[in-house]
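Have a look at the structure below before the remarks.
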Amino acid sequence: MSTDALGEATVAVEAIRRPPLARRLKERYPPGESLAALVCLAPSLLVFAIFCYYPLYKLFVDSAQRSNSFGTSTRYVGYGQLRDVLTSSDFLSGLGHSLVYVVYTVPVGLVLGTLLAVAAHRRLRGIKIFQTIFSSTVATSIAVASVIFFSLLNPASGLLKSNLLNEPKWALFAVSWVSMWQNIGLSFIIVLAGLQAVPEELLEAATLDGYGPVRRFFKVTVPMLSPVLMFLTVVLVVVAMQAYAPIDILTQGGPAGSTETLLYKIVQHQDPAQASTGAAMSIGLFGVTLVITLLQYVMLNRRVHYGEQ
Amino acid sequence: MRRPLKAVSSVALVAVLAVTAAACGSSSKKAGTNTDTGGSVTAADCPVQALTSYDASKGRIKVPLWYSLTGESKNALTEMAASYNKSQSKVTVQPQLVGKSYDEVLAKYLQGIPSKQLPAGAYIEDNKMQTMVDSKTVVPGEACMEASGLSLATLYPSQAVRNYYTVQGVFYPAVLNVSEPILYYNKTLFKKAGLDPNKPPQTFAEIRADALALKKVGVSKPFAFKLDPWFIESWLGGEGVDVVNNGNGRTARATAATFATPQLKQILTFWKQMQADGLIDVIPKTSGNINQYLDLSSQKSAMLVETSTAATNIKAFLGGTLKPSDLGVGGVPKDLKQIVPGAGPIPGVTTPGQARVSGGAFYIMNTTAPVVQAATWDFMKYMLQIQQQVKWHLQGSYLPAVKGVSADPQVQNFWKTDLAGGMLKVGYDELNSINPRHPGALIGAYSDYETALRKMLEGIYINGQSIDSAMSTAQSTATKAIDTYNQDNAN
Amino acid sequence: MASSSAAPPVRSESSRRSRLRLRQAGWYVLLVALALVVLFPIYVTVIRAVSSPVAYAEKGYPLYPVSPQWGAFRTAFNLGGFAHAMTVSLVMTLLITFGQVATSIMAAYAFAFLRFPFRRLAFALFMATLMLPIEVTLIPNLQTVRDWGWFNSYPGLAAPFMAAALGTFLIRQGFMGVPSELRDAARLDGFGHFRFLTRVAVPLARPVIAAFTVISFLAAWNQYLWPQSSTTQESWQTAQIRLATFGSANAQTLNLGVAAAVVVALPIFALLLIFQRQIVRGLTAGAVKG
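Chains as they are written, first to last, in the numbering used here: chain E, 28 to 336; chain A, 47 to 537; chain P, 3 to 292.
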């Protein structure tokens with residue numbers, strides 16, 4: 028056979044064995060479905076593009092520019108501004124306050140939520156009423172909760188007759204009570220669901236092995252709860268970083284700036300001259316939240332127990 | 047049923063604090079600037095005839111007016127708008143409460159400029175005037191006055207008031223609400239300490255002497271010291287210090303802050319020593335913070351420097367006609383009749399009464415249709431009438447600055463017979479003794495400058511920072527902010 | 003555990019029962035105590051709302067109502083203009099909820115049932131938006147909405163929230179539970195996408211869709227930051243924002259302020275009671291498998 032014929036035969040054999048690319052694509056991705064998918068995803072993607080991704084891009088662009096005080100002209104100043112803002116004491120103190128807020132609200136939410144869930148996870152008459160009560164704080168909006176605590180804490184006529192909101196050292200702590208209280212309901216609901224998913228057989232087996240209730244809790248229940256607790260921790264941290272209403276209603280940045288969290292500062296930086304600083308801080312907030320969330324997943328993932336011990 | 051203590055409200059006090067003008071105050075002993083020529087605007091800049099030729103059958107012209115006021119000041123404005131609307135058929139003024147503070151209103155205003163989403167009129171804090179002028183969105187009030195045949199000098203006879211609000215020869219606001227910082231004190235406690243209850247301290251030295259005497263009779267923190275940059279400016283101005291260069295921003299645009307001086311150090315050191323000796327209660331400046339009033343009412347303190355607009359609150363806190371439990375603070379003495387509040391001019395380092403003009407100003411926007419501008423000015427003219435100005439004074443506690451108000455029998459009676467009126471008269475006298483050649487500073491980047499000062503005060507008196515480092519940090523921060531403002535807005 | 007060998011069986015049985023009852027009583031005590039702690043702020047709010055402010059202050063803010071007057075709720079509601087504010091809230095919330103549920107169902111359908119290129123990338127793009135909440139994107143979004151003239155308007159209040167990654171994720175989970183035999187049968191019967199979606203997928207995933215609807219409604223109703231930032235006129239204040247200005251106002255009318263808080267909170271409390279199961283399911287969806 029000539030080389031040409033051999034070549035043609037090879038091609039012919041290949042064609043029989045593997046369909047052409049176009050047909051393969053068509054099989055894997057039926058065009059009707061692709062079109063349908065486009066239609067289905069388009070609305071969401073449009074919203075995300077305009078209100079999530081474009082803003083992210085715009086934040087970076089804005090952080091290298093400055094606008095005049097009236098938004099009528101901008102000038103390019105370079106990304107040194109972003110670096111300057113992220114290392115400024117203003118940003119760092121805001122970040123510090125946010126992190127302190129996290130430290131105040133997250134452990135309390137975890138512990139109280141678990142405590143309440145453990146208490147309410149048993150077969151007693153009327154337990155459902157207690158479960159409803161414990162989850163009720165999640166039904167109040169953040170504004171309602173803030174007003175409620177305002178009536179407790181405000182120095183002129185608060186029930187607790189305390190001056191905490193005016194003390195720079197204590198104001199942030201007092202403000203965090205709003206979040207702590209709201210978190211109780213959320214934590215309770217999540218941990219209770221987690222408890223309900225702990226298989227009875229494991230606990231029974233542990234009891235048969237002679238484990239007392241405390242040991243059962245720590246050796247069986249808590250490990251089984253770890254994924255739930257991890258999820259809850261991430262949620263509570265994110266919620267804490269996003270706290271705004273309690274500060275706005277109770278202290279407006281607080282005595283001597285002691286309750287100015289990062290988000291609160293960002294909201295104060297809206298007018299044109301400050302918007303680029305605000306954009307830089309927003310990038311900082313984004314970065315910090317991302318890092319914290321990832322860190323948590325990594326750290327806590329190592330300690331998550333799946334399956335039986 | 048007696049009306050409960052209304053002025054104790056944080057709302058009213060937020061109003062007080064909102065009114066507190068914190069612009070730099072200075073009565074520089076250098077030559078004043080040429081601030082009152084009035085020659086660079088003409089009546090043509092204000093289209094008043096558009097309203098006179100407007101046909102009312104076309105419907106009422108809407109005048110949205112942005113403001114932030116609380117308590118009785120807010121009521122005064124809304125009531126005035128309502129009565130104006132009722133009195134004619136061409137215009138409807140719509141006052142809109144846009145934020146919880148002066149700053150929120152300004153922020154929303156600035157954000158609305160690029161897309162021209164602005165109201166017809168806005169009530170802005172006095173120290174933001176350079177910003178308003180730079181925005182180029184304001185019809186100078188002077189032009190409207192001229193177009194209506196009114197004379198600025200007749201309307202506002204006080205040269206000091208006119209000079210403060212004049213930028214490069216043009217008077218920009220349409221209507222003013224004026225306030226001054228004054229000293230409030232507890233006459234009863236003064237008497238108890240062996241001090242003359244009708245002689246409040248006039249200088250720093252006298253404050254210290256009085257405080258020591260008060261401390262001896264059990265007043266734990268005789269002076270309630272609010273960390274407000276406004277007072278610092280007054281004291282600096284009294285010592286002839288410009289807070290920014292270029293004639294305090296008046297001969298030319300300011301390019302640097304100049305307040306870190308030996309005089310400032312002297313002032314800060316004085317209060318630091320007072321703090322060390324337990325003679326002051328340090329109160330951070332926060333909106334809604336009313337600790338300084340609570341200190342007075344609980345008799346923890348006997349002296350307080352605050353805005354004249356607080357007179358009504360002070361009266362309510364300390365006047366003996368209301369029940370102590372209305373205040374809701376522990377430790378309030380049962381028999382409040384003992385407290386008699388008094389007022390005096392703001393004490394100075396060496397001379398009392400050294401303050402500058404402060405308050406809020408109503409501006410007319412030039413971004414609306416001419417007929418709307420004319421309508422807005424018409425409401426401003428209404429507010430300038432004696433009757434309305436009397437209302438601003440009696441109800442809103444602002445000081446009379448328009449000609450003829452102080453002579454009004456209602457005002458005279460108020461000063462003579464009302465506890466708050468008597469205190470407001472002190473503010474009025476102080477206003478009329480301000481040196482017109484030394485108006486307050488003009489700073490575009492006012493907010494950042496004020497924040498630098500505020501952080502300096504908090505650093506020194508709350509966080510124990512050294513005075514020298516706090517001063518130099520504040521000055522360099524303020525200078526940087528001024529420089530950035532100038533660069534941002536170079537056009 | 004030692005027990006008296008000489009004791010008759012009856013007594014140990016009853017003593018065990020009484021030990022059980024004692025333990026149960028102990029749990030009840032703990033539960034009641036915890037419930038009191040959790041409810042304390044609400045209790046205090048209600049007694050302050052119904053007490054007359056002057057008398058209440060005079061008594062030194064006790065833990066019981068003083069000179070109770072029930073008119074405070076109606077006064078607060080009217081004085082604060084809450085009827086209007088709640089209407090604004092309701093319309094905004096309905097827009098957002100409807101938008102989120104509709105777009106999430108559609109997107110979930112695509113991810114669960116359709117084969118198309120870059121599906122994993124698209125899914126990642128969806129999930130990544132969880133890292134870009136309104137708090138991070140606030141400033142640019144405000145500029146966008148302002149430039150479009152959507153300040154003080156329903157589009158402005160609702161637009162940034164018309165899609166939801168969480169909803170897409172949850173409903174996709176629900177759709178993935180549809181057995182493939184059903185899918186094949188439907189295709190054989192000639193069901194188009196829309197018919198399959200509405201007749202098969204959505205009904206089968208109804209529990210999770212209901213859960214997300216309730217969560218979405220709750221979150222939208224409770225919003226604070228965006229409605230505050232994107233409105234400048236009083237008439238466009240939602241119930242939450244109106245409550246903030248009204249409720250933290252002067253100390254003397256604080257009874258009205260907290261009464262307003264109660265009024266604003268009531269609808270959601272009612273929702274909690276009716277839809278408790280859905281709320282729980284929605285909140286725990288990411289936590290517990292299955």
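Cβ coordinates follow ideal geometry from the N, Cα and C atoms, glycine included. Given the structure is predicted, the values throughout are model-derived calculations rather than measurements.
(request) Please go through the region 224-307 of chain E and give each complete alpha helix (DSSP H) segment of 4 or more residues, from N-terminal end onward. (result) Within the region 224-307 of chain E, the complete alpha helix (DSSP H) runs of at least 4 residues are 227-235, 240-243, 249-268, 272-277, 289-295.
(message) As a quick exercise: from A/I508, A/L97, A/S518, A/A122, pick the residue whose alpha carbon is nearest that of E/L284.
(response) Stepping through the first sequence from its first residue, residue 284 of chain E is reached at position 257. A small correction: the amino acid at residue 284 of chain E is Gly; Leu does not occupy that position in the sequence shown. Closest by C-alpha distance to E/G284, out of A/I508, A/L97, A/S518, A/A122, is A/I508.
(request) Determine the chain A residues that contact E/G281 at a beta-carbon separation under 9 Å, and present them in chain order. (result) Position 254 of the first sequence, counted from the first residue, corresponds to residue 281 of chain E. The contacting residues are P330, T332.
(message) Could you pull the DSSP bridge partners for A/Y113 from this structure?
(response) Here residue 113 of chain A refers to the residue found at position 67 of the second sequence. Looking at the DSSP assignment, A/Y113 forms a beta bridge with A/L143.
(request) Can you give me the start and stop residues for the alpha helix (DSSP H) that E/Y128 sits inside? (result) The sequence position of residue 128 of chain E within the first sequence is 101, counting from 1. 116-147 is the span of the alpha helix (DSSP H), which, as asked, contains E/Y128.
(message) So if I threshold CB-CB distances at 8 Å, which residues from the region 295-309 of chain E count as touching chain P?
(response) H296, Q297, A302, G305, A306, S309
(message) Against E/I77, what residues of chain P qualify as contacts under a CB-to-CB distance less than 9 Å, listed in chain order?
(response) For the purposes of this step, residue 77 of chain E is identified with residue 50 of the first sequence, where counting begins at 1. By Cβ distance, chain P contributes N143, T146, A161, P162.
(message) For a quick check, are the C-beta atoms of A/V179 and A/V213 less than 8 Å apart?
(response) Start at 1 with the first residue of the second sequence, and residue 179 of chain A comes out as number 133. Start at 1 with the first residue of the second sequence, and residue 213 of chain A comes out as number 167. Result yes, Cβ atoms of A/V179 and A/V213 sit closer than 8 Å.
(request) Pick out whichever of A/P398, A/G467, A/K427 has its Cα sitting closest to the Cα of A/N481. (result) Residue numbering aside, residue 481 of chain A sits at position 435 when the second sequence is read from its first letter. Here the closest residue by C-alpha is A/P398.
(message) I want to verify the contact list: residues of chain P whose CB lies under 7 Å from the CB of A/L143, in sequence order.
(response) Along the second sequence, read from residue 1 onward, the residue named residue 143 of chain A stands at position 97. Simply E236.
(request) Below 8 Å between beta carbons is the criterion; list the residues of the region 85-117 of chain E that meet it against any residue of chain A, in chain order. (result) R93, S94, N95, S96, F97, G98, T99, S100, R102
(request) Please name the residue, chosen from A/K437, A/Y531, A/K245, that lies closest to A/E125 on a Cα-to-Cα basis. (result) Taking the second sequence and counting its residues from 1, the one referred to as residue 125 of chain A is at position 79. Checking every option, the nearest Cα to that of A/E125 belongs to A/K437.
(message) Would A/P393 and A/P227 be called neighbours here (beta carbons separated by less than 8 Å)?
(response) The residue given as residue 393 of chain A occupies position 347 in the second sequence. The residue given as residue 227 of chain A occupies position 181 in the second sequence. Contact: no.
(message) Can you find the residues in the same chain that come closer than 6 Å, C-beta to C-beta, to A/V144, ignoring five residues on each side of it along the sequence?
(response) Sequence index remark: in the second sequence, residue 144 of chain A carries index 98 (1-based). Correct list, in chain order: W112, V151, K154.
(request) Using a threshold of 8 Å, state whether the C-beta atoms of A/T183 and A/N412 are closer than that. (result) One-based indexing of the second sequence puts residue 183 of chain A at position 137. One-based indexing of the second sequence puts residue 412 of chain A at position 366. In contact: A/T183 and A/N412 (Cβ atoms closer than 8 Å).
(message) Looking at chain A, is there any beta carbon in it that lies within less than 8 Å of the beta carbon of E/T288?
(response) For the purposes of this step, residue 288 of chain E is identified with residue 261 of the first sequence, where counting begins at 1. Judged by the 8 Å Cβ criterion, E/T288 is not in contact with chain A.
(message) Could you tell me the alpha carbon to alpha carbon distance between A/P110 and E/G98, rounded to whole angstroms?
(response) Taking the second sequence and counting its residues from 1, the one referred to as residue 110 of chain A is at position 64. Taking the first sequence and counting its residues from 1, the one referred to as residue 98 of chain E is at position 71. Rounded to whole angstroms, A/P110 to E/G98 spans 22 Å at the Cα level.
(request) Check the Cβ-Cβ distances between P/F153 and every residue of chain A, and say whether any is below 8 Å. (result) To locate residue 153 of chain P, count along the third sequence from 1; it is residue 151. By this cut-off, P/F153 is an interface position.
(message) Across the region 161-174 of chain P and the region 66-81 of chain E, are there enough close Cβ pairs to call them in contact, namely three or more that are closer than 8 Å?
(response) yes
(request) Using a Cβ-Cβ cut-off of less than 9 Å, list which residues of the region 171-203 of chain A approach chain E; keep chain order. (result) T177, D180, S181, K182, T183
(request) Grab the span of the beta strand (DSSP E) containing A/L350 for me, first residue to last. (result) Your numbering for residue 350 of chain A matches position 304 in the second sequence. 349-353 is the span of the beta strand (DSSP E), which, as asked, contains A/L350.
(request) Starting from the beta carbon of P/T247, find every residue of chain A whose beta carbon is closer than 9 Å, and list them in chain order. (result) Indexing the third sequence from 1 puts residue 247 of chain P at position 245. Neighbours of P/T247 on chain A, chain order: L143, K146.
(message) For A/K75 and A/S343, what's the separation of their Cα atoms in angstroms?
(response) By 1-based counting over the second sequence, the position of residue 75 of chain A is 29. By 1-based counting over the second sequence, the position of residue 343 of chain A is 297. Only weak support is given to the placement of A/K75: the predicted model assigns it a pLDDT of 32, under 50, and the value that follows is read from those uncertain coordinates. Distance between the alpha carbons of A/K75 and A/S343 is about 38 Å.
(request) Return the residue from the list P/P135, P/F198, P/T77 that minimises the CA-CA distance to E/F75. (result) Position 48 of the first sequence, counted from the first residue, corresponds to residue 75 of chain E. Considering only alpha carbons, the answer is P/P135.
(request) Determine, using beta carbons only, whether E/A201 comes closer than 8 Å to chain A. (result) Taking the first sequence and counting its residues from 1, one reaches residue 201 of chain E at position 174. Chain A, which has no Cβ nearer than 8 Å to the Cβ of E/A201, makes this no.
(message) I'd like to know whether the C-beta of A/N80 is nearer than 8 Å to at least one C-beta of chain E.
(response) The count along the second sequence starts at 1 and reaches residue 80 of chain A at position 34. In this predicted model, A/N80 has a pLDDT of only 34, less than 50, meaning its place in the structure is not dependable; the value taken from the coordinates is given anyway. Interface flag for A/N80 against chain E is unset, since no Cβ pair is found closer than 8 Å.
(message) For the alpha helix (DSSP H) containing E/F75, name the first residue and the last one.
(response) Locating residue 75 of chain E in the first sequence gives position 48, where the first residue counts as 1. 58-75 is the extent of the alpha helix (DSSP H) around E/F75.
(message) Would P/D149 pass as an interface residue toward chain A - the criterion being a Cβ-Cβ separation below 8 Å?
(response) The residue labelled residue 149 of chain P in the question sits at position 147 within the third sequence. The beta carbon of P/D149 sits closer than 8 Å to some beta carbon of chain A.
(request) With 9 Å as the limit, tell me which residues of the region 110-131 of chain P have their beta carbon closer than that to any beta carbon of chain B; keep them in chain order. (result) As a matter of chain content, chain B is missing from the structure shown, whose protein chains are E, A and P.
(request) For chain E, find out if any of its Cβ atoms is closer than 8 Å to the Cβ of A/N292; answer yes or no. (result) Walking along the second sequence from the start, residue 292 of chain A turns up at place 246. Not closer than 8 Å to any Cβ of chain E, the Cβ of A/N292 fails to qualify, so no.
(request) Answer with buried or exposed for A/A67, where buried requires no fewer than 16 other C-beta atoms within 10 angstroms of its C-beta. (result) Mapped onto the second sequence, residue 67 of chain A falls at position 21. Summary for A/A67: the model assigns pLDDT 34, below 50, so the residue's position carries little reliability, and this model does not support an answer.
(request) Identify whether P/Y45 lies in helix, strand or coil by the three-state DSSP scheme. (result) By one-based count along the third sequence, residue 45 of chain P stands at place 43. Helix, per DSSP.
(request) Could you name the residues of the region 500-515 of chain A whose beta carbon sits closer than 7 Å to any beta carbon of chain E, in the order they occur along the chain? (result) Listed by position along the chain: E504, I508.
(request) Would you mind stating whether E/V247 and P/G259 have Cβ atoms separated by less than 8 Å? (result) If you number the first sequence from 1, residue 247 of chain E lands on position 220. If you number the third sequence from 1, residue 259 of chain P lands on position 257. In this structure, P/G259 does not lie closer than 8 Å to E/V247 by Cβ.
(request) Could you work out which residues of chain E lie near P/F271, taking near to mean beta carbons separated by less than 9 Å? (result) As a position in the third sequence, residue 271 of chain P is number 269, starting the count at 1. Simply S163, A166, T167.
(request) Give a yes or no on whether the minimum CB-CB distance between E/M275 and chain P is below 8 Å. (result) The count along the first sequence starts at 1 and reaches residue 275 of chain E at position 248. The residue you asked about is not Met; residue 275 of chain E is Asp in the sequence shown. With its beta carbon less than 8 Å from one in chain P, E/D275 belongs to the interface.
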